[in-house]
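Scroll down for the structure; my scribbles are underneath it.
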Ligand code: KG4
Ligand code: ZN
């Protein structure tokens, strides 16, 4: 199969991104990847404001596209197709991306390929490590938390996931409750290193229940209650704060590790030849979580793959690559490609 070169656009949340990827399914390279974050635009609001995000995407998409093409040293005529996140996500942002991709496709005659954002995350370990199907994927970010059995570029089985908050959201809320900076993940992780994880015992929700479903919203309530109990005269000592972070993080690590054991049991029941568990999403940056998952993988003789952080968080390369897999399989979308706020795999 000859190598394809695809441009990928991503604008479903608060990152405006474009990238160029070249190769074939299972053997591709990132030629360029440009990500413009928007955290400073939303900082005063305590979360992503959809209207502000959509406007910023619309203004910035052509900037990141130009930069990605320049960095890769290719023009539109050097591309085989343009891929774009068509959902799920904040609809204004997704629409901005889809309109931009349609404009490029219409103006250049390039084929258009719509990509599911979650498929982009889930296929990333094939881009970074060339792993084969089937593999088990744990997708953990600020908005998502699910186990996926990935059998092909369009063949995903959801084994379970969160029934309420995603772990990243729980980290972010914990940071807010403890007056730590956003995004909460890295700041809570740094505090946890200084704390005693055994001082406070937080719940391990749904561990008593079969299956791979998880719940993280109760943890934040438990944290709030414990914080208020230990606060003296409205003050939390630095040690209290570190211990709260350590206890919280240990609970998340243990839940994810135990649920991963169960997901692995389902995956391994089919005796895959070269079993792999891979992670994606911003929460995969957490060292304690990685270590917990690596232990479970090792216990089961399964390879553990974690893409570099820049490809774990939202980016255009994962969309270009997932588009490449679909394109190589013959998928093409027309000008009727629609932006979908909800789009389960
Ligand atoms: O994948 P991502 O960049 O965006 C989406 O949610 O789509 O993930 C961001 C999330 C945030 O909630 C952030 O707090 C969390 O990932 N995160 C972490 C760490 N780094 C980022 N959570 C735990 N530990 C970390 N080191
Ligand atoms: Zn994402």
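Residue numbers (my numbering): 212 to 556.
Ideal Cβ positions, reconstructed from N, Cα and C, are used throughout, including at glycine.
All values derive from a computational prediction rather than experimental measurement.
| Check | Outcome |
| --- | --- |
| From the DSSP output, in three-state form, read off residue 430 for me. | helix |
| If we ignore side chains and look at the alpha-carbon of each, how far apart do residue 511 and residue 368 end up? | 21 Å |
| Over the uninterrupted alpha helix (DSSP H) stretch that includes residue 310, give me the two end residues. | 302-319 |
| As a quick exercise: from 410, 404, 341 and 293, pick the residue whose alpha carbon is nearest that of residue 313. | 293 |
| Per DSSP, what kind of secondary structure is residue 260 in: helix, strand or coil? | coil |
| Just reading off the beta strand (DSSP E) that residue 251 is part of, what are its end residues? | Residue 251 -> not in any beta strand (DSSP E); alpha helix (DSSP H) instead, spanning 250-253. |
| Considering only C-alpha positions, which residue in the set 260, 464, 215 and 241 is nearest to residue 499? | 464 |
| Tell me the DSSP secondary structure of residue 285 in three-state form. | coil |
| What residues in its chain sit with their C-beta under 7 Å from that of residue 457, if we drop five residues either side in the sequence? | 403, 406, 407 and 408 |
| Can the beta-carbon of residue 531 be found closer than 8 Å to that of residue 364? | no |
| When every heavy atom of the ligand KG4 is checked, does at least one fall within less than 7 Å of the C-beta of residue 256? | no |
| Could one say the Cβ of residue 280 lies closer than 8 Å to chain D's Cβ atoms, at least one of them? | Judged by its chain identifiers, the structure shown contains no chain D, having just a single protein chain. |
| Figure out for me which residue from 213, 290 and 342 has the closest Cα to the Cα of residue 484. | 342 |
| Is the CB-CB distance between residue 253 and residue 225 below 8 Å? | yes |
| Taking 7 Å as the cut-off, is the CB of residue 327 close to at least one heavy atom of the ligand KG4? | no |
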